[in-house]
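Chemist: Below you'll find the structure I mean.
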Amino acid sequence: MQNITSDIKLDQAAGLRKIVNKSLGSTISLEEDIDANENYESSYVQKKPTKIITITSGKGGVGKTSMSVNLGLALAKKNKKVLLFDADLGLANINVILGVVPKYNLYHVVKGHKKLKDIIIHTPEGLDIIAGASGYSSLANLSEKEREKMITGVDNLSEYDYLLIDTGAGVGSNVIGFTLPADEVMVITTPEPTSITDAYGIIKSIVLEAPDKNIKLIVNRVTTSLEGRKVAERVVNISNQFLNVKVENCGFIYDDEFVSKSIRRQKPFYIMYPKSKASGCMNIIASRLLGSENGENKETGSMGSFFRKIFQLV
Ligand SMILES: Nc1ncnc2c1ncn2[C@@H]1O[C@H](COP(=O)(O)OP(=O)(O)OP(=O)(O)O)[C@@H](O)[C@H]1O
Ligand SMILES: [Mg+2]
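In structure tokens form, the structure reads like this:
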């Protein structure tokens, strides 16, 4: 498993280098353009970078997909342009939650029939999605060429404020692989002891691969706010004590019957039940994200900054 993970890391690094090199090429041509047209320079400089947030968990079924979709909608309501990428290659189901039937999905990108930007679906709610391809149990099953096809094309998505990546659960190589290019990783847990232990496990795996990664925690399905705070404190404290990493508590989501009701009706709860407790929590988490975005220094020097440069340059 370790070898597979390392191979994937190397492959992804190679893919990223290619994109960066390609972007460096565009820097030169951009600079020439700037010489020719000063007006272009001001619009280029002002372009905001796309923030990449990967949503993951140790244990399965804790609410990652539900949270990704509804958080994306909450950010879209706050006038942010959001692209949601279904990277759960085993059981892709963002389109199911949103009730859309995609004509093309990641399979067509991997096979080289389509480019990533060509398979983007625009939903009426203002959230754009890239549908996953069920049946690809892990990135490890893809050849280097196929993986590369998946990564290239990302450099054309500069119009987005946020790229949210919904992953499968666990410490598998495809999940960790998708956390590496992210600016932030959002780990979801529930108050269940097994979910908390597994959240610690995934945080440990991320820290081993990327010690400086910005990790945020969301506690889903709490019955009281006190429970949410207590669970978050536990995870934050053990991560600090044993991994020497500062995990940021980004809030909680109430256990809410409207969540499963909305899933059954294939319409997100944020749209169908905007006044529900869960929707209220999404607004708070979205505001928190926007707040931290305003206060932080974006040039962290992480792998995410490679992507930021790419998004800025194109
Ligand atoms: N806040 C909540 N309140 C009530 N039920 C919830 C809540 N969040 C999630 N659920 C329930 O948990 C189920 C699993 O949610 P979801 O599919 O989003 O989890 P997941 O982490 O993406 O799962 P997987 O690991 O299989 O990808 C949903 O069908 C929903 O019924
Ligand atoms: Mg899911």
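Take any residue in the sequence shown, count from 1 to its spot, add 23: that is its number in the working numbering. The beta carbon of each residue, even a glycine, is placed where N, CA and C say it ideally should be.
(1) Just to confirm my understanding: we take glutamate 182, look at its own chain, exclude 5 residues before and 5 after, and list those with CB closer than 7 Å. What are they?
(2) Identify whether lysine 239 lies in helix, strand or coil by the three-state DSSP scheme.
(3) Which value, in whole angstroms, describes the spacing of the CA atoms of isoleucine 152 and asparagine 116?
(4) Grab me the residues of tyrosine 277's own chain with a C-beta within less than 7 Å of its C-beta, minus the 5 sequence neighbours each way, in chain order.
(5) Give me the Cβ distance between aspartate 141 and threonine 190, rounded to the nearest whole Å; I'm assuming they're in contact under 8 Å.
(6) Is the stretch 116-125 touching the stretch 199-206, taking contact as three or more C-beta pairs under 8 Å?
(7) Going by the CB atoms, is the gap between asparagine 243 and isoleucine 294 shorter than 8 Å?
(8) In angstroms with no decimal places, state the Cα-to-Cα distance between isoleucine 238 and glycine 135.
(9) In terms of alpha-carbon separation, which member of Asn93, Leu139, Pro214, Gly193 lies closest to glycine 149?
(10) If you reduce the DSSP assignment to three classes, tell me which class histidine 145 lands in.
(11) By DSSP, does alanine 222 sit in helix, in strand, or in coil?
(12) Output the boundary residues of the alpha helix (DSSP H) element that contains leucine 266.
(13) So what does DSSP say about leucine 98, is it helix, strand or coil?
(14) Pick out whichever of Glu256, Asp221, Val270 has its Cα sitting closest to the Cα of lysine 236.
(15) Could you check whether the Cβ of aspartate 221 sits closer than 7 Å to any heavy atom belonging to ligand 2?
(16) Quick check: does the Cβ of threonine 212 come within less than 7 Å of any heavy atom belonging to ligand 2?
(17) Using 7 Å as the cut-off, classify the Cβ of threonine 88 as near or not near the heavy atoms of ligand 2, replying yes or no.
(18) Using the rule of at least 16 other Cβ atoms within 10 Å of the residue's Cβ for burial, across every protein chain shown, is asparagine 128 buried or exposed?
(19) Say yes only if the C-beta of aspartate 278 is nearer than 7 Å to one or more non-hydrogen atoms of ligand 1, and no if none qualify.
(20) Cβ of arginine 257 versus every heavy atom of ligand 1: is any distance shorter than 7 Å?
(21) Tell me which residue opens and which closes the beta strand (DSSP E) that tyrosine 277 is part of.
(22) Could you pull the DSSP bridge partners for leucine 121 from this structure?
(23) Regarding aspartate 151 and ligand 1, is the C-beta to nearest heavy atom distance less than 7 Å?
(24) So is threonine 217 buried or exposed if we call it buried at 16+ other beta carbons inside 10 Å?
(25) How is isoleucine 286 classed by DSSP in three states: helix, strand or coil?
(26) Cα-Cα, which of Gly84, His145, Ser91 is closest to glycine 193?
(27) Tell me, which residues are paired with glutamate 207 by DSSP?
(28) If you count every other CB in all the chains shown that lies within 10 Å of the CB of serine 262, and 16 or more means buried, which is it?
(29) Hey, quick one: how far does the beta strand (DSSP E) through leucine 150 stretch, first residue to last?
(30) Below 7 Å, is the gap between the Cβ of serine 143 and the nearest heavy atom of ligand 1?
Modeler: So, from the data block:
(1) Lys104
(2) Lysine 239 falls in the strand class under three-state DSSP.
(3) 11 Å
(4) Val245, Lys300, Ala301, Cys304
(5) Aspartate 141 to threonine 190, Cβ: 23 Å. No contact.
(6) No: fewer than three Cβ pairs fall under 8 Å.
(7) no
(8) 33 Å
(9) Considering only alpha carbons, the answer is Asn93.
(10) Correct three-state label for histidine 145: strand.
(11) helix
(12) 248-266
(13) helix
(14) From the listed residues Glu256, Asp221, Val270, the smallest Cα separation to lysine 236 is found for Val270.
(15) no
(16) Threonine 212: no, Cβ never under 7 Å from ligand 2.
(17) Checking the Cβ of threonine 88 against ligand 2 gives yes.
(18) buried
(19) Within the chosen limit of 7 Å, ligand 1 reaches the beta carbon of aspartate 278 through at least one heavy atom.
(20) no
(21) 271-277
(22) Partner(s): none; leucine 121 has no beta bridge.
(23) no
(24) exposed
(25) helix
(26) Gly84
(27) Residue pairing by DSSP puts glutamate 207 in a beta bridge opposite Ile76, Asn237.
(28) Buried.
(29) Looking at the DSSP string, the run of the beta strand (DSSP E) that includes leucine 150 is 150-153.
(30) It is isoleucine, not serine, that sits at residue 143 in the sequence shown. Checking every heavy atom of ligand 1 against the Cβ of isoleucine 143, none is found closer than 7 Å.
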